[in-house]
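Take a look at the structure below.
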Amino acid sequence: MQTPINTYEEGTTELAAVLIAVTESQAKVLTVADGNSLPCGPLSPIHRSLQAGVRQWVETQTHQPLGYVEQLYTFVDTQRKTSSGHYLIYISYLGLVREEQNHLETGAIWRNWYDYFPWEDHREGRPSFIDQHLLPLFRHWINGGNSVSEQRFREEHVKLCWGIAPFTWNEEYVLQRYELMYEVGMIPESTASDAPLPPQYSGQPMHHDHRRVLASAMARLRAKIKYRPVIFELLPPAFTLLQLQQSIEALGGIVLHKQNFRRFILQQALIEETGTLDHNGQGRPARLYQFRDDVLLERSLSGSKLPIAR
Numbered sequence: 001m002q003t004p005i006n007t008y009e010e011g012t013t014e015l016a017a018v019l020i021a022v023t024e025s026q027a028k029v030l031t032v033a034d035g036n037s038l039p040c041g042p043l044s045p046i047h048r049s050l051q052a053g054v055r056q057w058v059e060t061q062t063h064q065p066l067g068y069v070e071q072l073y074t075f076v077d078t079q080r081k082t083s084s085g086h087y088l089i090y091i092s093y094l095g096l097v098r099e100e101q102n103h104l105e106t107g108a109i110w111r112n113w114y115d116y117f118p119w120e121d122h123r124e125g126r127p128s129f130i131d132q133h134l135l136p137l138f139r140h141w142i143n144g145g146n147s148v149s150e151q152r153f154r155e156e157h158v159k160l161c162w163g164i165a166p167f168t169w170n171e172e173y174v175l176q177r178y179e180l181m182y183e184v185g186m187i188p189e190s191t192a193s194d195a196p197l198p199p200q201y202s203g204q205p206m207h208h209d210h211r212r213v214l215a216s217a218m219a220r221l222r223a224k225i226k227y228r229p230v231i232f233e234l235l236p237p238a239f240t241l242l243q244l245q246q247s248i249e250a251l252g253g254i255v256l257h258k259q260n261f262r263r264f265i266l267q268q269a270l271i272e273e274t275g276t277l278d279h280n281g282q283g284r285p286a287r288l289y290q291f292r293d294d295v296l297l298e299r300s301l302s303g304s305k306l307p308i309a310r
């Protein structure tokens with residue numbers, strides 16, 4: 001179904017914010033418009049900078065205080081034009097926050113980001129619908145190539161994105177997988193889509209290119225937690241090692257080897273014990289840790305790979 005090109009009157013540039021939190025082992029994104037959009041708004045001359053503009057829109061639409069913020073990618077939305085005929089440009093930002101519960105009056109909603117990308121959560125193993133429902137559609141697309149070389153190229157691309165032998169699943173290829181599904185017409189936002197997949201397989205759609213922006217944020221964060229201690233922005237001041245591991249697993253959609261992970265984290269000397277115990281869980285109270293402030297300024301995770309359980 002062809003998506004109509006919308007006319008956008010405000011200007012040529014829109015700021016979009018992807019705000020991420022981890023709550024009770026769930027990776028969440030702050031949304032507006034009943035979960036269909038990211039906080040966003042046009043860049044205005046009154047904004048001192050791009051970041052000032054995005055902070056203003058986030059505060060206005062969600063009342064969520066912002067901490068760590070970084071610029072993501074710039075996208076061109078070919079389905080939206082300005083009144084002068086120019087395509088709309090998205091400048092996107094990633095913000096890491098702790099979930100606040102004071103958004104009801106604004107209509108902002110925290111949503112599990114796997115509602116939008118159900119194929120990305122492998123914490124309970126590879127979702128069976130990938131092989132049962134997605135890959136047959138990819139095979140049909142591969143066979144539709146105009147030449148043998150094009151068919152081979154398509155097949156290699158599918159194998160790389162979806163972790164098919166000789167490749168393995170790479171959790172960082174979020175944007176590549178989404179854009180491939182868009183190209184094939186497997187998701188409602190695609191201009192070539194006949195909506196062949198039910199929502200539980202295609203994920204909840206978002207307005208305009210907002211799911212594409214969210215995919216870029218997921219990919220950036222999944223890569224960044226491996227070499228920068230940004231996970232600290234998402235956790236409470238005191239936490240257990242299990243909470244730290246489950247938070248990273250929630251973001252990556254993967255399972256980490258428990259003992260190797262703990263050894264890895266402690267060897268990095270990024271955290272220290274608080275001297276107190278967590279009595280909220282079942283069984284034996286767990287030690288509480290905190291991040292070392294001096295380490296946050298001078299250290300990273302040394303470029304090491306997280307110990308994923310295969």
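Position one of the sequence shown corresponds to residue 1 (the UniProt record's numbering), numbered consecutively onward.
Virtual Cβ for every residue (Gly too), placed ideally from N, Cα, C.
Nothing here was measured: the structure is a model prediction, and the numbers come from that model.
Check, Outcome
"If we count Cβ pairs, one from each stretch, closer than 8 angstroms, do we get three or more for the segment 275-287 versus the segment 238-254?", "yes"
"Excluding the 5 residues preceding and the 5 following Tyr-201 in the sequence, name in chain order all residues of the same chain whose CB lies nearer than 8 angstroms to its CB.", "Pro-118, Trp-119, Phe-129, His-133, Leu-134"
"For Arg-285, count the other beta carbons within 10 Å of its own beta carbon; 16 or more makes it buried, fewer makes it exposed. Which is it?", "It is worth fixing the name first, because residue 285 is Pro in this sequence and not Arg. Flag for Pro-285 reads exposed."
"For Asp-34, which residues from the same chain have a beta carbon less than 8 angstroms from its beta carbon, with the 5 sequence-adjacent residues on both sides left out?", "Gly-107, Ile-109"
"Cutting at 8 angstroms between CB atoms, please list the residues of its own chain near Phe-167, excluding the five before and the five after it.", "Lys-159, Leu-160"
"Starting from Glu-273, trace the alpha helix (DSSP H) both ways and give me its first and last residue.", "Counting along the chain, Glu-273 falls outside any alpha helix (DSSP H), though it belongs to the beta strand (DSSP E) covering 271-278."
"Within this structure, are the beta carbons of Arg-292 and Ile-265 separated by less than 8 angstroms?", "no"
"Report the rounded CA-to-CA distance for Tyr-73 versus Arg-262, giving the unit in angstroms.", "33 angstroms"
"Is it right to say Gln-2 is buried, meaning 16 or more other beta carbons lie within 10 angstroms of its own, or is it exposed?", "In this prediction, Gln-2 scores a pLDDT of 34, lower than 50, which makes its location untrustworthy; the coordinate-derived value is nonetheless stated afterwards. So Gln-2 ends up on the exposed side."
"If I measure Cβ to Cβ from Arg-299 and keep anything under 8 angstroms in the same chain, skipping five residues before and after, which residues do I get?", "With a pLDDT of only 48 at Arg-299, under the threshold of 50, the placement of this residue in the model should not be trusted, and no figure is reported."
"Short check: CB of Leu-214 to CB of Ala-21, under 8 angstroms?", "no"
"Below 8 angstroms on the Cβ atoms is my contact criterion, and I expect Tyr-93 with Val-54 to pass it. Report the Cβ-Cβ distance as a whole number of Å.", "5 angstroms"
"Just curious, the alpha helix (DSSP H) that Pro-42 is in, first and last residue?", "No alpha helix (DSSP H) contains Pro-42, which is instead part of the beta strand (DSSP E) from 40-42."
"I need the straight-line Cα distance from Gln-51 to Arg-111, nearest angstrom please.", "24 angstroms"
"Which two residues bound the contiguous alpha helix (DSSP H) that contains Phe-75?", "Note, Phe-75: premise wrong, no alpha helix (DSSP H); beta strand (DSSP E) at 68-82."
"Is Pro-205 near Glu-189, with beta carbons less than 8 angstroms apart?", "yes"
"Classify Phe-75 as buried or exposed, calling it buried when 16 or more other Cβ atoms lie within 10 Å of its own Cβ.", "buried"
"Can you give the Cα-Cα distance for Ala-16 and Cys-40, rounded to whole angstroms?", "4 angstroms"
"Given a cut-off of 8 angstroms on the beta-carbon distance, is the pair Trp-169 and His-207 in contact?", "no"
"Quick check on Gly-125: does DSSP put it in helix, strand or coil?", "strand"
"Do Arg-222 and Val-174 have their C-beta atoms within less than 8 angstroms of each other?", "yes"
"Could you pull out every residue in the same chain whose Cβ sits closer than 6 angstroms to the Cβ of Ile-5, ignoring the five residues on either side in sequence?", "Reliability of the predicted coordinates at Ile-5 is poor, the pLDDT of 34 falling under 50, and the value obtained from them is presented with this limitation in mind. Around Ile-5: Gln-79, Lys-81."
"Closest by CA to residue 311, which one among Thr-23, Glu-14, Val-18?", "Since the displayed the chain opens at 1 and closes at 310, residue 311 lies outside it and no answer follows."
"Pull up the distance between the alpha-carbon of Arg-152 and that of Glu-171, whole angstroms please.", "23 angstroms"
"Can you tell me whether DSSP reads Gln-26 as helix, strand or coil?", "strand"
"Less than 8 angstroms between the CB atoms is what I'm expecting for Val-97 and Leu-19, so what's the real figure, rounded?", "5 angstroms"
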